[in-house]
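Just add 10 to wherever you are in the sequence shown, counting from 1, and you've got our numbering. Only one structure is covered here, and it is reproduced in the block below.
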Amino acid sequence: MSDADLQSEIQQVLATNPDAEDVAVTVSDKVVTLAGTVKDDAAKAAIDSIVASVKHVKSVVNELEVVPPAPDYSELDQIIEASLPEILVEYPKLTASVEDGVVTLSGEGTQAEIDSVMTKIQELNPVDIVNETTVKN
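Here is the structure:
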């Protein structure tokens with residue numbers, strides 16, 4: 011079996027594995043090199059094992075990098091988003107938005123108003139608060 015045929019066979023085997031979506035395969039002298047990213051060590055080991063079990067594979071060089079999936083902050087965003095109108099109702103010149111758990115506060119207010127809003131937002135446990143406000147006297 012040629013290296014090209016072996017590479018094609020391995021790619022077909024991995025095509026059904028969602029964990030191998032970002033895995034590149036190269037073959038030289040029946041030695042398979044795996045490159046790309048996977049979500050965890052278990053996926054890395056499983057892919058290595060699958061490839062090693064393919065007939066004609068001499069060895070596997072596993073250069074896969076483990077990159078955990080980005081956290082999903084959609085639920086936190088919804089909770090914070092639902093609470094912001096109540097927090098900001100007394101401060102019409104201040105606005106806030108939330109994305110990926112990070113609240114961005116903007117607009118203008120006195121230092122006391124900004125501090126009060128920041129404290130209330132902090133109680134919602136966001137990932138971070140970006141303060142883009144302007145202090146007025």
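Think of the CB as a built atom: it goes at the ideal place given N, C-alpha and C, for glycine as much as any other residue.
Item	Value
Under the three-state DSSP convention, the category Thr26 falls into	coil
Nearest residue (CA-CA) to Leu104, options Glu123, Ser63 and Tyr83	Glu123
The stretch 15 to 26 / the stretch 68 to 79 touching (three or more Cβ pairs under 8 Å)	no
Separation of Leu98 from Thr143, as counted between CA atoms	13 Å
Beta-carbon proximity list for Asp138, same chain, < 8 Å, skipping 5 on both sides	Gly111, Val112 and Val113
Pairwise C-alpha distance: Ala80 and Lys65	36 Å
Cα-Cα separation, Glu29 to Thr43	It is worth fixing the name first, because residue 29 is Asp in this sequence and not Glu. The straight-line gap from Cα to Cα measures roughly 17 Å.
Cross-strand partners of Leu86 (DSSP beta bridge)	DSSP lists no partner for Leu86.
Secondary structure, beta strand (DSSP E): runs of 3+ residues fully inside the stretch 42 to 87	69 to 76
Assigned exposure category for Ala92 - 16 Cβ within 10 Å defines buried	exposed
Rounded straight-line distance, which links the Cα of Glu31 to that of Ile60	14 Å
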